[in-house]
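Here's the structure, in structure tokens; my notes come after.
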Amino acid sequence: MPRYSRRGTGEPLLTRRFLSGLFFVVLSVGAYASDSAAVPAPAARANDNRTPAGELKNGVLTLQLEIVPSTWYPEQDGGKSFPVYAFAEKGKPPQIPGPLLRVSQGGIVRVEIRNTLAMAMFVRGFQTPLPVPIAPGGTAHVEFSASTPGTFYYTARSCKMSIRDIGLLDLVADLSMGENPFEVESQLEGAFIVDPPGASTNDRIFMITNWMSGVVAPPFREALAINGKSWPYTERLTYSSGDSARWRLINASVSDHAMHLHGFYFAVNSVGDQDRDQIYAPDQLFHAVTQRLEPGTTSSLTWVPERVGRWLFHCHMTGHMAPNSVVLTGQMDSHAPHEMPSDSAGMMGLVLGVTVTPGKDRTATPPPTQKARQLKLFVRETPATPLSLVRMGYVLQEGEPKDGATKESDAPFSVPGPPIVLTRGEPTEITVVNQLKNQTAVHWHGIELESYYDGVAGYGGNSPQVTPSIPPGGTFVARMTPPRAGTFIYHTHWHDVEQLTNGLYGPIIVVEPGEKFDPETDKIFVIGRQAPDESPSTVQVINGSAQPAEMQFTSGTKYRLRFINIGSNDADLSVSILANNGQPVTWRALAKDGWSLPAAQATVRPAIQPISVGETYDFEFKPERQEELTLLIRARFSKITVAQSVRVK
Numbered sequence: 205m206p207r208y209s210r211r212g213t214g215e216p217l218l219t220r221r222f223l224s225g226l227f228f229v230v231l232s233v234g235a236y237a238s239d240s241a242a243v244p245a246p247a248a249r250a251n252d253n254r255t256p257a258g259e260l261k262n263g264v265l266t267l268q269l270e271i272v273p274s275t276w277y278p279e280q281d282g283g284k285s286f287p288v289y290a291f292a293e294k295g296k297p298p299q300i301p302g303p304l305l306r307v308s309q310g311g312i313v314r315v316e317i318r319n320t321l322a323m324a325m326f327v328r329g330f331q332t333p334l335p336v337p338i339a340p341g342g343t344a345h346v347e348f349s350a351s352t353p354g355t356f357y358y359t360a361r362s363c364k365m366s367i368r369d370i371g372l373l374d375l376v377a378d379l380s381m382g383e384n385p386f387e388v389e390s391q392l393e394g395a396f397i398v399d400p401p402g403a404s405t406n407d408r409i410f411m412i413t414n415w416m417s418g419v420v421a422p423p424f425r426e427a428l429a430i431n432g433k434s435w436p437y438t439e440r441l442t443y444s445s446g447d448s449a450r451w452r453l454i455n456a457s458v459s460d461h462a463m464h465l466h467g468f469y470f471a472v473n474s475v476g477d478q479d480r481d482q483i484y485a486p487d488q489l490f491h492a493v494t495q496r497l498e499p500g501t502t503s504s505l506t507w508v509p510e511r512v513g514r515w516l517f518h519c520h521m522t523g524h525m526a527p528n529s530v531v532l533t534g535q536m537d538s539h540a541p542h543e544m545p546s547d548s549a550g551m552m553g554l555v556l557g558v559t560v561t562p563g564k565d566r567t568a569t570p571p572p573t574q575k576a577r578q579l580k581l582f583v584r585e586t587p588a589t590p591l592s593l594v595r596m597g598y599v600l601q602e603g604e605p606k607d608g609a610t611k612e613s614d615a616p617f618s619v620p621g622p623p624i625v626l627t628r629g630e631p632t633e634i635t636v637v638n639q640l641k642n643q644t645a646v647h648w649h650g651i652e653l654e655s656y657y658d659g660v661a662g663y664g665g666n667s668p669q670v671t672p673s674i675p676p677g678g679t680f681v682a683r684m685t686p687p688r689a690g691t692f693i694y695h696t697h698w699h700d701v702e703q704l705t706n707g708l709y710g711p712i713i714v715v716e717p718g719e720k721f722d723p724e725t726d727k728i729f730v731i732g733r734q735a736p737d738e739s740p741s742t743v744q745v746i747n748g749s750a751q752p753a754e755m756q757f758t759s760g761t762k763y764r765l766r767f768i769n770i771g772s773n774d775a776d777l778s779v780s781i782l783a784n785n786g787q788p789v790t791w792r793a794l795a796k797d798g799w800s801l802p803a804a805q806a807t808v809r810p811a812i813q814p815i816s817v818g819e820t821y822d823f824e825f826k827p828e829r830q831e832e833l834t835l836l837i838r839a840r841f842s843k844i845t846v847a848q849s850v851r852v853k
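The number in the numbering used here is simply the position in the sequence shown, starting from 1, with 204 added.
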């Protein structure tokens, strides 16, 4: 129980102690902060999370923090800005994210937090079991032993809810806390890292934050940042080929994110939240190209940049990387609009650019010794009519049309695009033919290939060679030799959301040499959106249909189920197969993002799986008896569901 006492000053003292480790909190109330409106709020500096704050002496980290008004420039300094509250180290400018706390395991942490605002704040994240209240003008003193290694963070809000609790509210939740936690208080976060004794600190810490307006009363607007900046003003990273990149990701925003790395796999070493970090044992590590971060969660990744060129790491939600930024178009201040940098690739928001330079071993990749397989991928559209919207799609062709065959220009397209079935280790050239009225680009999601062919127009490649867009009537040849069998995606990477929601996506299936793709037992489920834009009116679809037809399975037969989520903003979906009683049946996990799971993870489990944008999952399913099942896709926030009947004969 808390213990209160009074000092001669009349200031209350609150102390809590726990047997699990040294822990100590003191609250004091001082004079209210002066009216911050009298002077302009200082500009917050973008914090790259490379320099720890405070003073470390004899294993004790001492830090004085202040919660202060500030001006945030999420793009270029001096550009468009937001008035926000931020953390500052005493005597220094405010930072977004807040100052980095970093200490070795077993170290003592002493933090003083002064609230200069004219409103009470609740601080979380310093290993306190409950939020620490700080009155206007008040100060809290927190002391504890950093007993557990991992990736953590601290926050402040005017409500008692954690970032995770706020982020997991659904569409009909009570928002009596008002706009402040989403808007002016949205940048009150900072990283807290506890390193095992002797561990290297040569890693990078990337904290995601978001500013929202209109959560309670529209219109809704949002700005997003990584370490205080939004692409193309985020930090540009450089590695040498063969380096080991170690990243810590902290989602201190109230949104889901699907963080996707182009061209490479990363190992996921841990997942956690504000107060806990689960560090995986070696046999539980998994590899991915897209990692879902729920609100308030963390993850640590390791990857090796093996191929030179320019690459992207970004949130796969189109609303978090599309060019129609509120920062650019919203009327937050009187600054005139500005031009985007030429290498922005038409993107903005949660994006990092990575350049890989030649390493010590400059051995060039040998050219393929066998002749490349030739494919053509036509990009087509049908115009809108009074009764229908514009639709787009892909047509796949191998070789030239045979005598008497329909001309390629007349062939119908499908949504999703047809499966592109490749063979592991076989060189392949895919000529993309753009028959749209606008430019386009195609990204080969999850495929390990050279940067120039990755499909990021205006950015990918290696100087001076830059990946071009594909103009109307133009072509582009993408070369690849897939090194692993699995489930992947091809989709538009042009900065026009309508191209994606109008149908420009499809599956890539890579099989082992000598194997054949059998659609009778190899079932693909592509989850997408169908609408002219990303408005709430969009329809969620499975394989292009909002009401998919019944599927039939045969009892005693093994099926490989391949699930792909390429919806525009559907980061919080789950897929399940349910029996008549509403309970999930069982399946065996096989692969994540095309990477086959090790034996310790390829286990039989209930048939329910979260699947974020840009993720793929493979499962083995063997129904044992005749029954009626339901394949269900469900969104956590919106509660939208799409169901497909499955009859087992």
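No residue lacks a Cβ here, since even glycine has one placed at the ideal position from N, Cα and C.
This one's a predicted model, so the numbers in the text were calculated from it and none came from an experiment.
Could you have a look at residue i and say whether DSSP puts it in helix, strand or coil?
i, result
"S444", "strand"
"L704", "helix"
"Q639", "coil"
"T533", "For T533, the predicted structure reports a pLDDT of 43, less than 50, and the residue's modelled location is therefore unreliable. The matter cannot be settled from this model."
"G553", "strand"
"I486", "The sequence given here has Pro at residue 486, not Ile. DSSP places P486 in helix when its eight states are reduced to three."
"D399", "strand"
"Y598", "strand"
"Y289", "strand"
"G732", "strand"
"D776", "coil"
"D726", "strand"
"D374", "coil"
"T820", "strand"
"H518", "strand"
Rounding to the nearest angstrom, what Cα-Cα distance links residue i and residue j in this structure?
i, j, result
"K720", "C363", "57 angstroms"
"V419", "F386", "7 angstroms"
"L777", "Q848", "15 angstroms"
"G523", "R628", "34 angstroms"
"P301", "M411", "7 angstroms"
"T671", "R577", "22 angstroms"
"F160", "T438", "This structure cannot speak to residue 160, because the chain is shown only from 205 to 853."
"A429", "A248", "13 angstroms"
"D399", "I674", "47 angstroms"
"D447", "T820", "27 angstroms"
"R595", "H697", "17 angstroms"
"E393", "Y358", "6 angstroms"
"E828", "W791", "12 angstroms"
"G748", "E510", "36 angstroms"
"R838", "D797", "20 angstroms"
"G718", "E602", "19 angstroms"
"M755", "E832", "10 angstroms"
"D722", "P587", "34 angstroms"
"D477", "L708", "35 angstroms"
Between residue i and the ligand ZN, is there a pair consisting of the residue's CB and a ligand heavy atom that are separated by less than 7 angstroms?
i, result
"Q478", "Annotation note on the ligand ZN: not contained in the displayed structure, which lists no ligands."
Can residue i and residue j be called in contact, C-beta distance under 8 angstroms?
i, j, result
"Y663", "T725", "no"
"Q268", "E316", "yes"
"I746", "I693", "no"
"N414", "V472", "no"
"Y657", "Q669", "no"
"T705", "S772", "yes"
"V555", "W435", "yes"
"P335", "A324", "no"
"H461", "M521", "yes"
"N251", "L304", "yes"
"N642", "P620", "no"
I'd like the span of the beta strand (DSSP E) that includes residue i, first residue to last.
i, result
"T343", "T343 to S349"
"P814", "I812 to I815"
"H695", "G690 to T696"
"S434", "Here S434 belongs to no beta strand (DSSP E), and DSSP marks it neither H nor E."
"T589", "Here T589 belongs to no beta strand (DSSP E), and DSSP marks it neither H nor E."
"K796", "T790 to K796"
"P414", "According to the sequence as given, residue 414 is Asn; it is not Pro. Taken as a continuous stretch (DSSP letters only), the beta strand (DSSP E) holding N414 covers R408 to S417."
"H647", "V646 to H649"
"S849", "T845 to V852"
Which residue marks the beginning of the alpha helix (DSSP H) containing residue i, and which one marks its end?
i, result
"D369", "I367 to G371"
- Task: Run through the region 449 to 503 for me and flag every whole beta strand (DSSP E) of 3 or more residues, listed as ranges in chain order.
- Result: 449 to 455, 461 to 465, 470 to 476, 481 to 483, 490 to 492 and 494 to 497
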